[in-house]
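The structure appears below as structure tokens.
In UniProt numbering, the protein residues as written are 1 to 236.
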């Protein structure tokens with residue numbers, strides 16, 4: 001059964017308002033005269049078609065997650081020490097890495113880490129979640145392409161504006177302003193084509209909030225668990 005990741009579900013995992021407090025708080029190291037360190041925040045997004053629930057590994061240590069990390073799900077945000085960090089994923093009940101990669105985190109900043117493609121060809125991508133919205137009456141939105149065999153993808157508001165053009169695999173746009181609404185329909189199309197590849201209906205976009213929409217799955221698949229789709233999470 002196809003599962004679209006909803007705003008309600010991401011809200012159950014964690015509210016970003018609470019996370020902002022975590023970012024501005026401090027962790028202490030375990031030295032006798034421990035120093036204060038401002039943390040970063042990381043969101044985890046599973047865009048690996050057909051993957052089972054995955055375990056998260058940080059610097060060689062397995063980290064417990066607040067919810068199952070299954071395909072087409074997101075967990076936002078986890079506090080993380082800044083600096084060079086190595087993040088990765090394993091299969092359930094295994095310590096054999098599917099993939100791992102080093103990233104640099106700046107203190108007080110937020111990031112989204114996507115795992116995409118099939119697990120045999122898995123790829124990690126880190127996007128920085130900077131969302132500055134000068135107009136408090138608007139919302140912020142960005143689009144990221146994690147459909148591995150796609151060409152450049154466009155994100156469109158049905159019967160209206162094109163929000164993103166020709167976004168390549170593993171790339172994302174900057175956040176841009178969008179008017180709040182209780183009933184958006186978003187569509188994904190291949191560049192230069194009018195064929196709708198994926199649709200996300202009845203999306204609520206609230207003023208003052210920021211959201212990421214991402215494409216995931218394979219264009220040439222007909223299976224619900226692996227075909228191309230469109231999902232959304234709230235970043236703020």
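The C-beta atom is built at its ideal place from N, Cα and C for all residues, glycine as well.
- Contact check for residue 72 against residue 46 passes: the beta carbons are separated by less than 9 angstroms.
- If you keep only unbroken beta strand (DSSP E) runs of at least 3 residues inside the region 137 to 180, you get 139 to 146, 153 to 157, 162 to 167, 176 to 178.
- In the three-state reduction of the DSSP assignment, residue 182 falls in the strand class.
- Boundaries of the beta strand (DSSP E) around residue 128: 123 to 128.
- Exposed is the label assigned to residue 224, since fewer than 16 other Cβ atoms lie within 10 Å of its Cβ.
- When C-beta atoms of the region 58 to 76 are compared with those of the region 133 to 145, fewer than three pairs fall below 8 angstroms, so the two segments do not count as touching.
- For residue 46, the uninterrupted beta strand (DSSP E) segment begins and ends at 40 to 47.
- Inclusion of residue 175 and residue 198 in the CB contact set at 9 angstroms is not warranted, their separation being larger than that value.
- As for any alpha helix (DSSP H) of minimum length 4 sitting wholly inside the region 67 to 114, there is none.
- The DSSP-derived three-state label of residue 36 is strand.
- In this structure, residue 189 and residue 156 form a Cβ contact; the two beta carbons are roughly 6 angstroms apart against a cut-off of 8 angstroms.
- Annotation: residue 228 is outside any beta strand (DSSP E) and is labelled neither H nor E by DSSP.
- Here residue 120 carries a helix assignment [DSSP, helix/strand/coil].
- When the alpha-carbon of residue 99 is set against those of 111, 117, 106, the nearest one is in 117.
- For residue 56, the enclosing beta strand (DSSP E) stretches over residues 55 to 58.
- Residue 223 has no beta-bridge partner at all, per DSSP.
- Contact annotation: residue 212 and residue 129 have beta-carbon atoms nearer than 9 angstroms.
- In chain order, 225, 226 place their CB closer than 6 angstroms to the CB of residue 50, counting only its own chain and leaving out the 5 sequence neighbours on each side.
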